[in-house]
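Structure first, commentary second.
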Amino acid sequence: MIDFSACIELMFLEGDRPLDDRVRAAADSGFRAVEIWDWWDKDLPRLTRALETTGTRLITLCVESWKDKCDLGDPSSHDEFLARVRAAADAARRTNTPRLVVLAGDVAPEIEPATQLHQAVAVLARAGEEVGRDGLELLVEVVNREHEGPNALISDSRSALSLLRAIDLPNIRFLYDRYHAILNGEPLGAEIEDAIPLIGHVQAADIPGRHEFGTGTIDWAAELAWLQNAGYDGYVGIEATPLGDSSLVYATARALL
Numbered sequence: 689m690i691d692f693s694a695c696i697e698l699m700f701l702e703g704d705r706p707l708d709d710r711v712r713a714a715a716d717s718g719f720r721a722v723e724i725w726d727w728w729d730k731d732l733p734r735l736t737r738a739l740e741t742t743g744t745r746l747i748t749l750c751v752e753s754w755k756d757k758c759d760l761g762d763p764s765s766h767d768e769f770l771a772r773v774r775a776a777a778d779a780a781r782r783t784n785t786p787r788l789v790v791l792a793g794d795v796a797p798e799i800e801p802a803t804q805l806h807q808a809v810a811v812l813a814r815a816g817e818e819v820g821r822d823g824l825e826l827l828v829e830v831v832n833r834e835h836e837g838p839n840a841l842i843s844d845s846r847s848a849l850s851l852l853r854a855i856d857l858p859n860i861r862f863l864y865d866r867y868h869a870i871l872n873g874e875p876l877g878a879e880i881e882d883a884i885p886l887i888g889h890v891q892a893a894d895i896p897g898r899h900e901f902g903t904g905t906i907d908w909a910a911e912l913a914w915l916q917n918a919g920y921d922g923y924v925g926i927e928a929t930p931l932g933d934s935s936l937v938y939a940t941a942r943a944l945l
């Protein structure tokens, strides 16, 4: 059955809580799993202690910042990307985190489109093989074209799924972010239903505003029921800036199931 995880980069910031206190606050409100973005500026031992004492799992962290990402269609970026993957994998081992989030980067205008896709497949396959030795997964994410990814090499769910099928490794899967997909005009339907085995994680936030469920126009009860009926039974990461108290977000989300 679907459960929810909290992005503690955006939630439980009330009172200027440090990261470990955000873990505790998330656990106290019902969350059993949390997510972070930038691991490299965190006190990982302190974070790990908070995870262990609360019985909470850190389930995703990012390989690199979306503002400073490698363009995987350009082979000159591959050495740097693989170095970042290895560093993130080390952080994942230290924090018992099973999944690393990656983006494919932007279009390299001087390289033929088909060549760029071939290069992205090649370097992601190599990265997947490396982290797979430690039992880790890579999650390929697509962001919305309007704001975060106007020049993205992989700009929609269909392209991401095509990329993943070309790579064909069991530990490289899709991070299906419904917030970004909705902004990209993508409905739920047969294409996503057929791809459920490729989806390693789901994230969501209400629209407009990227706030918690119930603050916007999306029927999240229907969205979650669709995902569950299609066979998705993992976490839905709430990657949202709450308008209300963060401590109420989990109960509100659970009431939609």
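Okay, so the sequence shown: first residue is 689 according to our numbering, each after it adds one. C-beta: ideal position from N, C-alpha, C; glycine also.
Using a Cβ distance threshold of 9 Å, A775 and I926 do not count as a contacting pair. Around A721, the same chain offers S693, R745, I747 and Y923 as residues with beta carbons nearer than 6 Å, after the five sequence neighbours per side are excluded. Distance from the CA of P858 to the CA of R833, rounded to the nearest whole angstrom, comes to 27 Å. E900 has its alpha-carbon roughly 21 Å from the corresponding atom of L749. Judged by beta-carbon spacing, A714 lies beyond the 9 Å limit of I690, meaning their Cβ atoms are not closer than that value. Closest by C-alpha distance to A810, out of H766, R781, D844 and P786, is H766. About 6 Å separates the CB atoms of A815 and L770; that is less than 8 Å, so the two are in contact. Excluding five sequence positions before and after G823, none of the CB atoms of its chain fall closer than 7 Å to its own CB. Residue burial is scored here from C-beta neighbours: S764 has fewer than 16 other C-beta atoms within 10 angstroms and is therefore classed as exposed. A Cβ-Cβ contact shorter than 9 Å links P896 with G904.
Distance from the Cα of D907 is smallest, within the candidate group E798, P930 and P875, for P875. Annotation: the continuous beta strand (DSSP E) that includes L749 extends over R745 to C750. The DSSP-derived three-state label of V937 is helix. Taking all protein chains shown into account, G877 has fewer than 16 neighbouring C-beta atoms within 10 Å of its C-beta and is therefore exposed. By the Cβ-count criterion, E702 is exposed, with fewer than 16 other Cβ atoms from all chains shown falling within 10 Å of its own Cβ.
Nearest Cα to R782 within the set D762, D731, G761 and V711: D731.
Rounded to the nearest whole angstrom, the C-alpha separation of L851 and L841 is 11 Å.
Close CB contacts of T940 within its chain, under the 7 Å cut and outside five residues either way in sequence, are with E900, F901 and G902 (chain order). Assignment of beta-bridge partners to F692 by DSSP yields V924.
With a threshold of 16 other beta carbon atoms within 10 Å, S753 falls short and is exposed.
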